[in-house]
Structure formats: C-alpha cells, structure tokens
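**Q** Going letter by letter, the sequence shown gives residues 0 to 306 in numbering that gives the first Met the number 0.
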Amino acid sequence: MYDTIVIGAGPAGMTAALYAARSNLKVATLEQGAPGGQMNNTSDIENYPGFELISGPELSMKMYEPLEKLGVENLYGIVTGIEDKGDYKIVKTDDTSYETKTVIIATGAKHRLLGAPGEAEYNSRGVSYCAVCDGAFFRGEKLLVVGGGDSAVEEAIFLTRFAEKVTIVHRRDELRAQKVLQDRAFANDKIDFIWDSVVSEIKGNGQRVSSVAFKNVKTEEVSEREFGGVFIYVGLDPVTDFVSDLGITDEAGWIITDDKMQTNLPGIFAIGDVRQKHLRQITTAVGDGAIAGNAAYQYIEEQEVAH
Ligand code: FAD
Ligand code: NAP
Numbered sequence: 000m001y002d003t004i005v006i007g008a009g010p011a012g013m014t015a016a017l018y019a020a021r022s023n024l025k026v027a028t029l030e031q032g033a034p035g036g037q038m039n040n041t042s043d044i045e046n047y048p049g050f051e052l053i054s055g056p057e058l059s060m061k062m063y064e065p066l067e068k069l070g071v072e073n074l075y076g077i078v079t080g081i082e083d084k085g086d087y088k089i090v091k092t093d094d095t096s097y098e099t100k101t102v103i104i105a106t107g108a109k110h111r112l113l114g115a116p117g118e119a120e121y122n123s124r125g126v127s128y129c130a131v132c133d134g135a136f137f138r139g140e141k142l143l144v145v146g147g148g149d150s151a152v153e154e155a156i157f158l159t160r161f162a163e164k165v166t167i168v169h170r171r172d173e174l175r176a177q178k179v180l181q182d183r184a185f186a187n188d189k190i191d192f193i194w195d196s197v198v199s200e201i202k203g204n205g206q207r208v209s210s211v212a213f214k215n216v217k218t219e220e221v222s223e224r225e226f227g228g229v230f231i232y233v234g235l236d237p238v239t240d241f242v243s244d245l246g247i248t249d250e251a252g253w254i255i256t257d258d259k260m261q262t263n264l265p266g267i268f269a270i271g272d273v274r275q276k277h278l279r280q281i282t283t284a285v286g287d288g289a290i291a292g293n294a295a296y297q298y299i300e301e302q303e304v305a306h
C-alpha cells in the first residue's frame with residue numbers, strides 16, 4: 000500500500016512527489032514515458048524563475064534528480080483507471096494495479112489535432128506537432144506553423160534556426176500569444192503571417208508534404224502555397240479519458256478541484272495542466288504540485304486520527 004501515487008511525472012507530478020516524499024510518505028510516480036512531460040518538447044524556457052534560459056529536457060532532469068535521492072519509486076505504466084474504495088484507491092495500468100491511500104492525477108494535456116484533410120496521411124512525413132523533436136529535419140525548407148497561441152509563436156521562432164522561411168497561419172487577425180513572443184516574431188525577418196485564414200487541406204506527392212491550401216474566413220478566398228513541412232499548434236486537450244467514469248471533470252474533460260487541489264472524491268487530487276484553471280504554465284504546475292503533495296499528507300494524517 001502506497002501513501003501516494005502520482006500519475007504523470009511532468010513538472011506538476013514531480014513537484015507533488017517531492018513535497019509528499021519530504022513529508023515522509025511512501026510515494027511513487029507512475030509514468031508512461033520519460034520524466035518531464037511537455038517540458039521535454041520545449042526548446043527554450045525563459046519564464047521559469049531562477050533561470051534566465053534553460054532547455055526543457057535540462058529542467059526536467061533537474062526536477063527529477065532529487066526524487067531519486069528521496070527514494071520516490073519510479074513506476075512505469077499507462078494508467079487505465081482509478082477505483083475509489085473510500086479509505087484506499089486502486090490505480091490500474093494496462094498490465095497491473097496498485098493500492099494507495101491517495102492519488103494525485105498529473106497527466107497534463109496533449110496537443111489537439113487540426114482535423115484538416117491530409118493531416119493524418121502526412122503525419123511524420125512533413126506534418127509535425129513538435130518543433131524541438133523534428134525541426135532539424137527541415138533545414139532550408141519553407142515551413143508553415145498553424146495557430147496563434149504561445150506554442151505556435153514560440154515554436155515558429157525556434158524553427159527559424161533551421162528553416163529558410165516560417166509562415167504562421169492564424170484564423171483571426173490578432174495573435175493570442177504573450178506580447179513578448181509576438182514582438183519577437185514580428186521583428187523576425189524569417190517569419191511572415193497569413194491572417195484570418197484556416198488550412199483547408201495539406202497536400203503532398205504521396206511521400207511528403209508539398210503544399211497547403213487555405214481559406215480566408217472573411218473573404219472565403221481560397222489560395223495555395225508550397226511548404227516542406229507543417230507544424231500544428233492549435234491548443235491542448237486534457238488527458239483524462241481514464242477518469243471519465245469518476246465524475247470529477249467539467250464538460251470539456253478538465254478536472255475540477257478545490258484550492259487544496261482535491262477533487263470531489265476525498266483522497267483524489269489533480270494538479271497542473273489537467274486541472275480546470277486559468278494559466279497553464281510550468282510555474283503554475285509546480286505550485287499545484289506543492290499544494291497537493293502537502294494536502295495528501297494532511298489527508299492521510301486526518302484519516303489516521305479519525306480511525
Ligand atoms: P505534462 O507536462 O503534460 O506532463 C504530464 C505527464 O503525464 C506526461 O509525462 C505524460 O507522459 C504523463 N501521462 C499522461 N497520461 C498518462 C497515463 N495514462 N499514464 C501514465 N502517465 C501518463 N510553459 C512554461 O511555463 N514555459 C514555456 O516556455 C513553455 N513552453 C511550452 C512549449 C510547448 C511547445 C508546449 C506544448 C508547452 C509549453 N509550456 C510552457 C507549457 C508547460 O509545458 C505545461 O504547462 C507543463 O508541462 C504542464 O505540466 P504538467 O505536469 O501538468 O503536465
Ligand atoms: P492555446 O493557447 O489554446 O492556443 C491555441 C491557438 O490555436 C489559438 O490561437 C487558437 O485560435 C488556435 N486554434 C485552435 N483551434 C484551431 C483550429 N481548429 N484551427 C485553427 N486554429 C485553431 O494553446 P497553446 O499555444 O498550445 O498553449 C497551451 C498552453 O501552454 C497555454 O496555457 C500557454 O500559455 C502555454 N504555453 C506557454 C508558453 C510560454 O510561456 N512560453 C509556450 C507555449 C505554451 P484563437 O486564438 O482564435 O482561439
């Protein structure tokens with residue numbers, strides 16, 4: 000029986016594990032991949048206090064190392080469900096299950112698909128969702144970035160390290176991204192914009208992406224331009240399929256918590272991007288994690304006093 004199982008080892012989960020372990024709880028993280036979560040797909044992090052600039056993978060390792068020293072178990076598996084037995088919970092994975100007094104859900108969010116014709120056909124053959132992973136394969140190419148948020152603008156700037164030209168297509172005439180990123184993109188000679196437009200089709204020669212068709216949403220005008228790659232950043236969806244039977248999410252699937260990060264099920268907490276919240280960032284993820292690690296400890300103490 001664990002005291003706390005943290006599902007997901009992104010910044011939120013790793014911080015929760017740190018705080019719970021420092022309260023002397025028996026803690027495990029249960030992760031389907033490498034520790035770090037979305038940070039592993041992030042090139043330059045410039046808004047994490049204490050670091051002027053740090054790469055995502057490096058910050059991931061810095062967060063992970065103390066957990067090993069504190070004896071946090073690092074379990075591997077894809078969580079498929081949680082069973083709430085009241086005093087304890089069962090966390091099920093694809094091939095086993097674990098018993099624990101508390102669960103902290105930190106499964107984050109995953110990139111949304113655009114849904115345009117050609118997107119699936121040319122996935123990994125010119126269509127990508129990760130500039131850090133794939134950018135270097137597109138040296139000297141003309142690239143398209145779809146979206147107007149922080150991810151689209153930040154990754155477009157990153158892609159100018161490799162590409163001849165980067166075009167951002169946005170469905171409105173104003174970006175959603177932070178002002179500092181907007182200013183940097185507008186000042187970058189390698190970046191241009193297609194405004195008020197959506198991708199109507201990603202086209203190719205059967206092997207690789209070769210061009211993209213657009214529709215202007217105001218004029219209905221249709222156009223087509225040649226691109227060697229398309230990077231899609233049109234937002235995130237919560238990773239909560241495995242708790243859809245628990246009644247802890249809102250209509251869009253984000254988990255609702257109180258200010259101690261507890262869901263409406265005592266002993267089940269949720270933190271980071273997976274939570275219904277205003278600002279999805281590394282700083283807010285680690286803040287959530289600290290609160291939940293501490294709240295799990297308090298919950299277990301209270302349970303022990305009550306029995
Ligand atoms: P995640 O980082 O999403 O981690 C969730 C973890 O849960 C993952 O490791 C995943 O493998 C695991 N998991 C999911 N489902 C399961 C399952 N069923 N079983 C087991 N494990 C599971 N924020 C900033 O503050 N600064 C930035 O510069 C910045 N740049 C970004 C750039 C990009 C391209 C993107 C996409 C995001 C960026 N962000 C940035 C946002 C930031 O990365 C996230 O807010 C943060 O990573 C959220 O942390 P998290 O721990 O909640 O979730
Ligand atoms: P986001 O903020 O939700 O932005 C998604 C963008 O895609 C929006 O501009 C949206 O347009 C557009 N879009 C959505 N659906 C579309 C569709 N079907 N077709 C065309 N365009 C579509 O998502 P994100 O940029 O991935 O950011 C996610 C979170 O991570 C945010 O909280 C962000 O702050 C954080 N993040 C932070 C940093 C950083 O701090 N440096 C970097 C990256 C990400 P509209 O604007 O019209 O809605």
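Where a beta carbon is used, it is the ideal one built from N, C-alpha and C, also for glycine.
(1) In angstroms, rounded to a whole number, what distance separates the CA positions of K259 and R21?
(2) Quick check on I290: does DSSP put it in helix, strand or coil?
(3) Out of curiosity, what's the CA-to-CA distance linking F213 and D272?
(4) Can you list, in chain order, the residues of its chain with a C-beta nearer than 6 Å to that of T256? Leave out the 5 residues immediately preceding and following it.
(5) To the nearest angstrom, report how far apart L278 and N46 are at their CA atoms.
(6) Could you check which residue in V152, G147, V165 has the C-alpha nearest to that of F137?
(7) Starting from the C-beta of K40, find all residues in its chain whose C-beta is less than 7 Å away, skip the five residues before and the five after it, and write them out in chain order.
(8) If you run the structure through DSSP and keep just helix, strand and coil, what is T28?
(9) Considering Cα atoms alone, identify which of G49, V233, T14 is closest to A295.
(10) I'd like the list of long-range same chain contacts for A16, defined as Cβ closer than 6 Å, with 5 residues on each side in sequence excluded.
(11) On the three-pair Cβ rule with 8 Å, is the region 75-83 touching the region 222-238?
(12) Using the beta-carbon count (16 or more within 10 Å), is S222 buried or exposed?
(13) Which partner residues of H110 appear in the DSSP bridge assignment?
(14) Determine, for I6, whether the minimum Cβ-Cβ distance to residues of chain B falls below 8 Å.
(15) In whole angstroms, what is the alpha-carbon distance linking V229 and S196?
(16) Beta-carbon separation of A314 and I103 under 8 Å?
(17) Looking at D236 and the ligand FAD, is the gap between the Cβ and the nearest heavy atom below 7 Å?
(18) Would a C-beta distance cut-off of 8 Å place A135 and F161 closer than the cut-off?
(19) If you draw a straight line from the alpha carbon of E57 to that of D149, how long is it in whole angstroms?
(20) Among the candidates V211, W194, R224, G205, whose CA atom is the shortest distance from the CA of T218?
(21) Looking only at its own chain, which residues have a Cβ that is under 7 Å from the Cβ of E225, when we skip the five neighbours before and after it?
(22) Between V168 and V216, which are expected to be in contact by the criterion C-beta below 8 Å, what is the C-beta distance as a whole number of angstroms?
(23) In chain order, what residues of the same chain have a beta carbon less than 7 Å from the beta carbon of G125, not counting five sequence neighbours either side?
(24) Do you know offhand how far E300's Cα is from D244's?
(25) When the distance is taken between beta carbons, is G266 closer than 8 Å to K91?
(26) Measuring straight from C-alpha to C-alpha, what distance separates S123 and H306?
(27) What I want to know is whether the C-beta of L278 ends up closer than 7 Å to one or more non-hydrogen atoms of the ligand NAP.
(28) How would you call M38, buried or exposed, if buried means at least 16 neighbouring beta carbons within 10 angstroms?
**A** Let me lay it out:
(1) By 1-based counting over the sequence shown, the position of residue 259 is 260. By 1-based counting over the sequence shown, the position of residue 21 is 22. Each residue's alpha carbon lies about 18 Å from the other.
(2) Here the question's residue 290 lines up with position 291 in the sequence shown. Three-state result, I290: helix.
(3) The count along the sequence shown starts at 1 and reaches residue 213 at position 214. The count along the sequence shown starts at 1 and reaches residue 272 at position 273. F213 and D272: Cα-Cα distance of roughly 31 Å.
(4) One-based indexing of the sequence shown puts residue 256 at position 257. T262, A269, R274.
(5) Taking the first residue of the sequence shown as 1, we reach residue 278 at position 279. Taking the first residue of the sequence shown as 1, we reach residue 46 at position 47. The straight-line gap from Cα to Cα measures roughly 13 Å.
(6) Here residue 137 is taken as the residue at index 138 of the sequence shown, counted from 1. Cα-wise, what sits closest to F137 is V165.
(7) For the purposes of this step, residue 40 is taken as the residue at position 41 of the sequence shown. In the sequence on display, residue 40 carries Asn and not Lys. G55, C129, V131, C132, listed in sequence order.
(8) Counting from 1 along the sequence shown, the entry for residue 28 is found at position 29. T28: strand per DSSP, three-state reduction.
(9) Counting from 1 along the sequence shown, the entry for residue 295 is found at position 296. Ranking the options by Cα distance to A295, first place goes to T14.
(10) One-based indexing of the sequence shown puts residue 16 at position 17. Contacts found: V5, V26, T28, L66, V71.
(11) no
(12) For the purposes of this step, residue 222 is identified with residue 223 of the sequence shown, where counting begins at 1. Classification of S222: exposed, given that the 10 Å Cβ count is below 16.
(13) The residue you call residue 110 lines up with position 111 of the sequence shown. Answer by DSSP bridge pairing, in chain order: L235.
(14) Absent from the structure is chain B; it holds one protein chain and no more.
(15) Here residue 229 refers to the residue found at position 230 of the sequence shown. Here residue 196 refers to the residue found at position 197 of the sequence shown. Rounded to the nearest angstrom, the two C-alpha atoms are 15 Å apart.
(16) Given that the chain is displayed from residue 0 to residue 306, the structure contains no residue 314 and the question cannot be resolved.
(17) Residue mapping note: residue 236 aligns to position 237 of the sequence shown, counting from 1. Result no, Cβ not under 7 Å from the ligand FAD.
(18) Translated into the one-based positions of the sequence shown, residue 135 becomes position 136. Translated into the one-based positions of the sequence shown, residue 161 becomes position 162. Yes, the Cβ-Cβ distance between A135 and F161 is below 8 Å.
(19) Along the sequence shown, one-based indexing puts residue 57 at 58. Along the sequence shown, one-based indexing puts residue 149 at 150. Looking at the two C-alpha atoms, the distance is approximately 21 Å.
(20) Within the sequence shown, residue 218 is the residue found at index 219, counting from 1. Checking every option, the nearest Cα to that of T218 belongs to W194.
(21) Looking up residue 225 in the sequence shown gives position 226. Closer than 7 Å at Cβ, skipping near neighbours: K141, S209, S210.
(22) As a working note, residue 168 is residue 169 in the sequence shown. As a working note, residue 216 is residue 217 in the sequence shown. Contact doesn't hold; Cβ gap of about 11 Å is too wide.
(23) Here residue 125 refers to the residue found at position 126 when the sequence shown is read from its first residue. Around G125: G203, R207, V208, G227, G228, V229.
(24) Along the sequence shown, read from residue 1 onward, the residue named residue 300 stands at position 301. Along the sequence shown, read from residue 1 onward, the residue named residue 244 stands at position 245. Computed Cα separation, rounded: 28 Å.
(25) Counting from one through the sequence shown, the residue named residue 91 turns up at place 92. Counting from one through the sequence shown, the residue named residue 266 turns up at place 267. No, they are not a contact pair.
(26) Against the sequence shown, residue 123 aligns to sequence position 124. Against the sequence shown, residue 306 aligns to sequence position 307. So the alpha carbons of these two residues sit roughly 55 Å apart.
(27) Residue mapping note: residue 278 aligns to position 279 of the sequence shown, counting from 1. Yes.
(28) Your numbering for residue 38 matches position 39 in the sequence shown. It counts as buried.
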